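First up is the structure itself, then whatever we jot down about it.
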Amino acid sequence: MNKKIKRVIALALTISAFSTFSSFIPGDISNFVSKPVYAASYDPENGELASLKIKSSEGETLKLKDGYNGDVVRLSEDKEYYVKMTDGSRGIKIDAEVEGKNRVVKIFETNNSDEKGVDSGSEILLGKGYSTIYIRTYKSSSAYRTAYKNNNVKDCEEEYVIHVMKTVSSSNEDTSQDNIYLEDLDLGKGKIDFFKGTTSYNVKVSSDVESIRITAKPENSSDRVRINGKLVTADDKYRRTVDLNKGKNEIKIKVTDDKDNQRTYTLNITRGTSSDRDEDEIYLDNIRLSEGKLNFDSEKNEYTIDLDENISEIDITAIPEDDDHLVTINGDEVTKGDDYENTVYLKKGENTIKIVVEDELNELKRTYKLTINRGNAKQNTEDDKKNDTVDNNENKNTTGWVQTDKGWQYKDKDGNVVKSKWLYDENAKVYCYLDENGFRKTGWFKDKGVWYLLADNGVMLTGWQKVGDKYYYMDSNGAMQTGWLKIEDNETKKVTWYYLNPSGDMATGWLKYGNSWYYLNSDGTMATGWIIDAGSKYYLNEDGSMQTGTKIIDGKEYKFNKSGAVII
């Protein structure tokens, strides 16, 4: 039976029950009947939201309501909700998950069919007053890209409307000018985080950018827009190309209505140092190699790596900044599912490898070039190796660590430099890996399909390790762990469970594993027992799984909906 029909029947039965009840109980129960009646459970179908949480930029949880001053409601089959903000936060963050395999959620600040959506969890800047946010679900990333390319992002599975009232201005708002705004401000080069209430922006471009295309679209199509004094209209898509001088450039964008209300936006564009390539503002987050060393810089596009002749293949990992970006290595697409990794076979001599990252929706592209020399492509590198030690003749019979002008190497009992293998230092009782030139590897290193983390001095790390703002766990053999991790305290014998994502980083918050939901605390530990999240109360069983249905806890019966929240 259709779920909406079920709800109508359930509501009819409820009203009937109250009518019968009122004939037996004296007094007026109309106040009780008029209060909102919530469905006992919400069972989302494919394409519907499975969860929806809204927080201010400062992290305060905002409650969903059926009106700005209405009653608090839970996520249900309803597609329209209200939120009220009473602090000075810059905006909101919407975390939404959609039911169904491969489906995606995109969030939009306007109802325009050609607007590019942002991902769940992105910050949305809001000014004082009323705003409307649209949450749309799509069958796949490909379905969304097609809708966007066709200028019809409304071609989606489901659409949810969030009405937001913000009662206080934030510090980034310019309240000194009239209440007239641009809807969007976009640059052909450089990047700004546009918010209609912010009127001043600083932008840096390379010195080879001699002009810049500016698009300034007004909120109201009847408003007039001038870029550096020149009127732009819908006929030219509110665009103008402005020449740039070297150094600082100030560009004024003025929007005016028929009542002479006006607001001026200022772009402070600095035309700076030259770049070695004319590339779009799109980058890889990292490039890692299974052999050789590469000091990655997202803005540096070309690298040269020298390898021994006996190395005939190399694993290359190219991670984009955004999972929606397309990445190819020598023309072969790599995805998140294969850890953005591809194996490239090397011929003797010079090998050119091109890694391209592309934003297909915004037509942005950047190419990274790796020149990998296998063996005699640079014969002088072999000569350099002969001089790696401070005094090769003096140290030719040395066994153990030898310091060179390029770093530390290890010589075996025959005086040969150990290369391309693991080494156990008997004195220090630690492992390290020596690369193809005999030097200690550092940082992340993949060997035979297993990831290891090596300290700055080359020592293989074990146990919990913090890299950036993420935590990883390396077992006693140094191997990075993924999936469920059980740790038992040697003294108390207390067992603690953690979950490590496929990329190795420790998970926190809600996690769906198999057919069950789990909750990982901020320190990564799996929660059990009662928890409160986003104003709802949940119970997690001893194995960590979220309880649904009915359960007797401490002698008392509790009912939980299919989203796990206790029914009060």
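Mapping to my numbering: the sequence shown position 401 is 401, numbers consecutive. Beta carbons: idealized from backbone N, C-alpha and C, even for Gly. Every value quoted in this text rests on a predicted model; they were computed, and no experiment measured them.
*Could you please give me the residues that DSSP links to asparagine 202 through a beta bridge?*
To locate residue 202, count along the sequence shown from 1; it is residue 202. Under the DSSP definition of a beta bridge, asparagine 202 partners with Asn268.
*Measuring CB to CB, does aspartate 186 end up less than 9 Å from isoleucine 227?*
For the purposes of this step, residue 186 is identified with residue 186 of the sequence shown, where counting begins at 1. For the purposes of this step, residue 227 is identified with residue 227 of the sequence shown, where counting begins at 1. In this structure, aspartate 186 lies away from isoleucine 227, with their beta-carbon atoms at least 9 Å apart.
*Just the Cα atoms here: how many angstroms apart are glutamate 281 and serine 298?*
For this step, residue 281 is matched to residue 281 along the sequence shown. For this step, residue 298 is matched to residue 298 along the sequence shown. Between glutamate 281 and serine 298, the C-alpha separation is close to 11 Å.
*Taking the continuous beta strand (DSSP E) assigned at alanine 50, which residues delimit it?*
As a working note, residue 50 is residue 50 in the sequence shown. It spans 49-56 - the beta strand (DSSP E) in which alanine 50 sits, taken as one unbroken run.
*Reducing DSSP to helix, strand and coil, say where serine 141 ends up.*
On the sequence shown, residue 141 is found 141 positions in, with the first residue counted as 1. Serine 141 falls in the helix class under three-state DSSP.
*Look up asparagine 447 in the DSSP assignment and say whether it is helix, strand or coil.*
Reading the sequence shown from its first residue, position 447 is the one you call residue 447. The displayed chain sequence assigns aspartate, not asparagine, to residue 447. Aspartate 447 sits in a strand when the DSSP states are folded into three classes.
*asked:* Distance check for valine 72 and aspartate 66, CA to CA, integer angstroms please.
replied: Position 66 of the sequence shown, counted from the first residue, corresponds to residue 66. Position 72 of the sequence shown, counted from the first residue, corresponds to residue 72. One alpha carbon belongs to aspartate 66, the other to valine 72, and they sit about 7 Å apart.
*Going by DSSP, name the residue or residues bridged to cysteine 432.*
Stepping through the sequence shown from its first residue, residue 432 is reached at position 432. Per DSSP, Leu423.
*What residue ranges within the region 476-536 form continuous beta strand (DSSP E) runs of no fewer than 3 residues, ordered along the chain?*
Whole beta strand (DSSP E) segments, 3+ residues: 483-488, 495-500, 509-513, 516-520 and 529-533.
*asked:* Taking the alpha carbon of glycine 544 as the reference point, which residue from Ala534, Gly555, Ile568 and Tyr499 has its own alpha carbon closest?
replied: Numbered from its first residue, the sequence shown carries residue 544 at position 544. The residue with the shortest Cα to Cα distance from glycine 544 is Tyr499.
_Reduced DSSP category for aspartate 236 - H, G, I as helix; E, B as strand; rest coil_ = Residue mapping note: residue 236 aligns to position 236 of the sequence shown, counting from 1. Three-state result, aspartate 236: helix.
*Excluding the 5 residues preceding and the 5 following valine 168 in the sequence, name in chain order all residues of the same chain whose CB lies nearer than 7 Å to its CB.*
Counting from one through the sequence shown, the residue named residue 168 turns up at place 168. Excluding sequence neighbours, valine 168 sits near Thr86, Asp87, Gly88 and Lys128.
*asked:* Please give me, in chain order, every unbroken run of the beta strand (DSSP E) with length at least 3 that falls completely inside the region 299-368.
replied: Fully enclosed beta strand (DSSP E) runs of 3 or longer: 302-307, 313-320, 326-329, 332-334, 341-345 and 349-359.
*Determine, using beta-carbon pairs with one atom in the region 334-344 and one in the region 403-419, whether at least three such pairs fall under 8 Å.*
no
*Got a sec? Which residues, its chain only, sit under 6 Å from alanine 50 by beta carbon, not counting five neighbours each side?*
As a working mapping, residue 50 is identified with position 50 in the sequence shown. These residues qualify, in order along the chain: Pro44, Glu97 and Glu99.
*Leaving out five residues before and five after lysine 248 in sequence, what residues of the same chain have Cβ atoms less than 7 Å from its Cβ?*
The sequence position of residue 248 within the sequence shown is 248, counting from 1. Asn268 and Thr270.
*Residues in its own chain within less than 6 Å of valine 356 by CB, not counting five upstream and five downstream?*
Residue numbering aside, residue 356 sits at position 356 when the sequence shown is read from its first letter. For valine 356, same chain residues with a beta-carbon under 6 Å away, outside a window of 5 residues either side, are Thr328 and Thr367 in chain order.
*Would you identify the three-state DSSP class for tyrosine 148, choosing helix, strand or coil?*
Taking the sequence shown and counting its residues from 1, one reaches residue 148 at position 148. If DSSP states are grouped into helix, strand and coil, tyrosine 148 belongs with the helices.
*Taking 9 Å as the cut-off, decide whether the C-beta atoms of valine 83 and histidine 163 are in contact.*
In the sequence shown, residue 83 corresponds to position 83, counting from 1. In the sequence shown, residue 163 corresponds to position 163, counting from 1. Yes, Cβ-Cβ distance for valine 83 and histidine 163 is below 9 Å.
_Sequence-distant residues of its chain with Cβ nearer than 7 Å to lysine 464 (five each side left out)_ = Sequence index remark: in the sequence shown, residue 464 carries index 464 (1-based). Position check: residue 464 holds tryptophan in this sequence, whereas lysine was assumed. Taken in chain order, the residues that qualify are Tyr471 and Tyr473.
_Among Glu291, Asn295 and Gly564, the one whose alpha carbon lies nearest that of asparagine 310_ = On the sequence shown, position 310 is the one that residue 310 refers to. For the options Glu291, Asn295 and Gly564, the alpha carbon positioned closest to that of asparagine 310 is the one of Glu291.
*Would you tell me roughly how many angstroms separate the C-alpha atoms of glycine 581 and glycine 478, rounded to the nearest one?*
Past the boundaries of the shown model lies residue 581; the chain is included only from 1 to 568, so the question cannot be answered.
*When you compare only the Cα positions, how much space is there between isoleucine 573 and glutamate 159?*
The displayed coordinates of the chain run from 1 to 568. Any statement about residue 573 would go beyond what the structure contains.
*asked:* Distance check for isoleucine 314 and tyrosine 518, CA to CA, integer angstroms please.
replied: Within the sequence shown, the letter at position 518 stands for residue 518. Within the sequence shown, the letter at position 314 stands for residue 314. Whole-angstrom Cα-Cα distance: 38 Å.
*Pick out whichever of Leu62, Ile192, Gln547 and Asp174 has its Cα sitting closest to the Cα of isoleucine 94.*
Taking the first residue of the sequence shown as position 1, residue 94 is located at position 94. Comparing Cα positions, the closest option is Leu62.
*Confirm, please, whether the CB-CB distance from asparagine 301 to lysine 204 is below 9 Å.*
For the purposes of this step, residue 204 is taken as residue 204 along the sequence shown, with counting starting at 1. For the purposes of this step, residue 301 is taken as residue 301 along the sequence shown, with counting starting at 1. Taking 9 Å as the Cβ cut-off, lysine 204 and asparagine 301 do not qualify as a contacting pair.
*Is the Cβ-Cβ distance between tryptophan 441 and glycine 468 less than 9 Å?*
Working through the sequence shown from its first residue, we reach residue 441 at position 441. Working through the sequence shown from its first residue, we reach residue 468 at position 468. Position check: residue 441 holds lysine in this sequence, whereas tryptophan was assumed. Contact flag unset, no.
_Through-space distance from leucine 364 to asparagine 112, alpha-carbon basis_ = By 1-based counting over the sequence shown, the position of residue 112 is 112. By 1-based counting over the sequence shown, the position of residue 364 is 364. So the alpha carbons of these two residues sit roughly 22 Å apart.
_Do alanine 318 and valine 255 have their beta-carbon atoms positioned less than 9 Å apart in this structure?_
Working through the sequence shown from its first residue, we reach residue 255 at position 255. Working through the sequence shown from its first residue, we reach residue 318 at position 318. Taking 9 Å as the Cβ cut-off, valine 255 and alanine 318 do not qualify as a contacting pair.
*Where do the N-terminal and C-terminal ends of the beta strand (DSSP E) with threonine 215 fall, by residue?*
Numbered from 1 along the sequence shown, position 215 holds the residue referred to as residue 215. Note, threonine 215: beta strand (DSSP E), 211-218.
*Would you identify the three-state DSSP class for glycine 229, choosing helix, strand or coil?*
As a working note, residue 229 is residue 229 in the sequence shown. Of the three classes helix, strand and coil, the one that applies to glycine 229 here is coil, per DSSP.
_Helix, strand or coil at tyrosine 558 [DSSP, three-state]_ = Stepping through the sequence shown from its first residue, residue 558 is reached at position 558. Of the three classes helix, strand and coil, the one that applies to tyrosine 558 here is strand, per DSSP.
*asked:* In this structure, how does DSSP classify alanine 565 when only helix, strand and coil are distinguished?
replied: Start at 1 with the first residue of the sequence shown, and residue 565 comes out as number 565. Secondary structure of alanine 565 (DSSP, three-state): strand.
_Assigned secondary structure, glycine 407 (DSSP; H/G/I helix, E/B strand, else coil)_ = Counting from 1 along the sequence shown, the entry for residue 407 is found at position 407. Of the three classes helix, strand and coil, the one that applies to glycine 407 here is strand, per DSSP.
*serine 131, DSSP secondary structure in three states*: Taking the sequence shown and counting its residues from 1, one reaches residue 131 at position 131. It is a strand residue.
_Residues bridged to aspartate 95 (per DSSP)_ = For the purposes of this step, residue 95 is taken as the residue at position 95 of the sequence shown. Answer is Lys53, bridged to aspartate 95.
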